[in-house]
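Here is the structure we will look at, set down as structure tokens.
Protein chains: 2
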Amino acid sequence: MSTKKSLGAKTIAFPTPAWAVATYDSEGKPNVMTVAWGGICCSKPPCVAVSLRKATYTYEAISARQSFTVNIPSASQVMAVDFFGVNSGRKIDKFAATGLTPVKSELVDAPFIDEFPLVLECRVLHTLEIGLHTQFVGEIIDVKADESLITDSGLDMEAIRPFAFIPENREYRVIGESLGKAFSIGREQKDS
Amino acid sequence: MSTKKSLGAKTIAFPTPAWAVATYDSEGKPNVMTVAWGGICCSKPPCVAVSLRKATYTYEAISARQSFTVNIPSASQVMAVDFFGVNSGRKIDKFAATGLTPVKSELVDAPFIDEFPLVLECRVLHTLEIGLHTQFVGEIIDVKADESLITDSGLDMEAIRPFAFIPENREYRVIGESLGKAFSIGREQKDS
Numbered sequence: 027m028s029t030k031k032s033l034g035a036k037t038i039a040f041p042t043p044a045w046a047v048a049t050y051d052s053e054g055k056p057n058v059m060t061v062a063w064g065g066i067c068c069s070k071p072p073c074v075a076v077s078l079r080k081a082t083y084t085y086e087a088i089s090a091r092q093s094f095t096v097n098i099p100s101a102s103q104v105m106a107v108d109f110f111g112v113n114s115g116r117k118i119d120k121f122a123a124t125g126l127t128p129v130k131s132e133l134v135d136a137p138f139i140d141e142f143p144l145v146l147e148c149r150v151l152h153t154l155e156i157g158l159h160t161q162f163v164g165e166i167i168d169v170k171a172d173e174s175l176i177t178d179s180g181l182d183m184e185a186i187r188p189f190a191f192i193p194e195n196r197e198y199r200v201i202g203e204s205l206g207k208a209f210s211i212g213r214e215q216k217d218s
Numbered sequence: 027m028s029t030k031k032s033l034g035a036k037t038i039a040f041p042t043p044a045w046a047v048a049t050y051d052s053e054g055k056p057n058v059m060t061v062a063w064g065g066i067c068c069s070k071p072p073c074v075a076v077s078l079r080k081a082t083y084t085y086e087a088i089s090a091r092q093s094f095t096v097n098i099p100s101a102s103q104v105m106a107v108d109f110f111g112v113n114s115g116r117k118i119d120k121f122a123a124t125g126l127t128p129v130k131s132e133l134v135d136a137p138f139i140d141e142f143p144l145v146l147e148c149r150v151l152h153t154l155e156i157g158l159h160t161q162f163v164g165e166i167i168d169v170k171a172d173e174s175l176i177t178d179s180g181l182d183m184e185a186i187r188p189f190a191f192i193p194e195n196r197e198y199r200v201i202g203e204s205l206g207k208a209f210s211i212g213r214e215q216k217d218s
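Protein chains in written order, with the numbering used here: chain C, 27 to 218; chain U, 27 to 218.
This is how it looks when you write it as structure tokens:
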């Protein structure tokens with residue numbers, strides 16, 4: 027008999043991302059919004075999913091151009107990420123307002139944010155209507171990182187300091203210290 | 027001109043989850059595997075997506091029963107989560123091996139892990155074939171949490187201490203301190 031308490035049918039999960047999804051609008055103006063409903067969804071081809079409401083300006087842009095970039099921020103960029111989430115590209119130029127730099131991707135029809143440490147350039151492979159949100163599955167055509175962040179054992183997480191969005195608490199939290207190597211620490215558990 | 031360096035078409039993104047997805051097999055035996063390719067994908071109805079390879083035992087179970095639970099672990103449970111990821115339910119009983127308790131959900135045809143702090147009970151709404159991975163979109167029928175973790179301002183993140191999987195580095199990292207309130211800190215950015 028479990029002692030767990032019901033919270034109802036809600037979107038609570040940890041971690042969820044806080045990714046800046048960048049696009050060009052119909053006139054070629056760069057725009058960016060924050061997406062927490064998303065994640066990697068396939069290894070081959072490498073794909074990432076992002077879900078958007080139809081009412082967003084970015085929904086129109088992705089539908090028209092079938093391209094977007096996922097820009098992954100550092101903790102120091104959390105204010106810009108929240109700004110991207112509370113304003114609409116219909117009304118303001120979010121790049122101009124934040125002073126961040128849109129760079130035209132050479133691979134997909136979307137810009138990426140030059141100042142963000144990690145960028146995924148994506149082309150839409152599937153569009154799934156779910157309900158309030160539409161899910162775009164993007165094939166990851168390339169991943170780009172600041173060269174200073176690339177190490178022999180992966181990416182320099184202490185330098186990047188990525189963060190997560192925590193839905194129920196409506197806050198951002200930093201990704202902190204390592205708890206151990208994956209596909210490794212659990213191998214010792216078997217006979218315990 | 028960007029100075030970013032190409033890493034190729036790869037599944038790199040931060041954060042990705044390390045969720046324990048629990049199911050019943052064809053004989054009703056509870057099983058659990060670790061999923062890093064997933065995320066919330068719709069607010070109404072509330073939905074979460076998890077992607078699995080067809081070769082997994084859990085793929086068969088979800089296909090047959092159209093139900094699963096997402097069990098979100100604390101940092102103290104990272105060894106069990108990694109264990110779930112490196113072993114197959116075809117060969118061993120992962121609940122028996124870890125001493126964790128499968129509780130039969132009253133809402134969906136799947137068990138949840140009693141010791142994990144947060145549980146999402148899901149019924150499959152869509153199945154999307156992408157490539158190596160198949161994505162199951164599950165409607166979240168209920169979320170359950172340990173009562174001691176529920177506070178007036180959300181869930182007690184210091185007590186839960188959830189963690190993320192970091193793909194390129196193949197490690198787990200804890201979700202740490204707050205960087206500020208979402209839909210709030212960015213409002214001050216506008217005129218900067």
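Quick reminder that beta carbons are idealized off the backbone N, C-alpha and C, glycines included. Bear in mind the structure is a predicted one, so any value in this text is a computation, not a measurement.
Under a criterion of Cβ atoms nearer than 9 Å, no residue of chain U is adjacent to aspartate 178 of chain C; the nearest Cβ is some 11 Å distant. Of the candidates C:Ala185, C:Lys207, C:Asn57, C:Gly125, C:Asn57 places its Cα closest to the Cα of lysine 117 of chain C. Using a CB distance cut-off of 8 Å, serine 89 of chain C does not count as an interface residue toward chain U. For valine 76 of chain C against isoleucine 66 of chain C, the beta-carbon gap comes to about 11 Å, at or over 8 Å, which does not count as contact. Pairing serine 100 of chain U with proline 188 of chain U gives a Cβ-Cβ distance under 8 Å. About 7 Å separates the beta carbons of tyrosine 85 of chain U and threonine 160 of chain U, which is inside the 8 Å limit, making them a contact pair.
Here the stretch 168 to 185 of chain U makes no contact with the stretch 177 to 186 of chain C; the two share fewer than three CB pairs at distances below 8 Å.
When C-alpha distances from aspartate 182 of chain C are compared across U:Gly115, U:Asp119, U:Ile192, U:Tyr50, the shortest belongs to U:Ile192. Under the Cβ criterion of 8 Å, valine 112 of chain C is counted among the residues facing chain U.
Close CB contacts of alanine 87 of chain U within its chain, under the 7 Å cut and outside five residues either way in sequence, are with Thr49, Tyr50, Asp51, Asn57 (chain order).
Residue contact check for threonine 29 of chain U against chain C: a CB pair falls below 8 Å. Per DSSP, reduced to three states, the secondary structure at aspartate 108 of chain C is helical. With 16 or more neighbouring CB atoms inside 10 Å of its own CB, threonine 37 of chain C falls in the buried class. Interface residue (Cβ-Cβ distance to chain U less than 8 Å): valine 145 of chain C is classified as such. Straight through space, the alpha carbons of leucine 78 of chain C and valine 61 of chain C are spaced by roughly 7 Å. Here the alpha carbons of histidine 152 of chain U and serine 179 of chain U stand approximately 33 Å from one another.
Here DSSP, grouped into helix, strand and coil, assigns glutamate 197 of chain U to strand. Here phenylalanine 142 of chain U carries a coil assignment [DSSP, helix/strand/coil]. Per DSSP, reduced to three states, the secondary structure at glutamate 53 of chain C is coil, with no helix or strand assignment. For arginine 199 of chain U, the chain C residues whose Cβ falls inside 7 Å of its Cβ are Met183, Ile201, Gly202, Glu203, Ser204, Leu205, in order along the chain. Serine 93 of chain U and glutamate 53 of chain C have their C-alpha atoms some 44 Å from each other.
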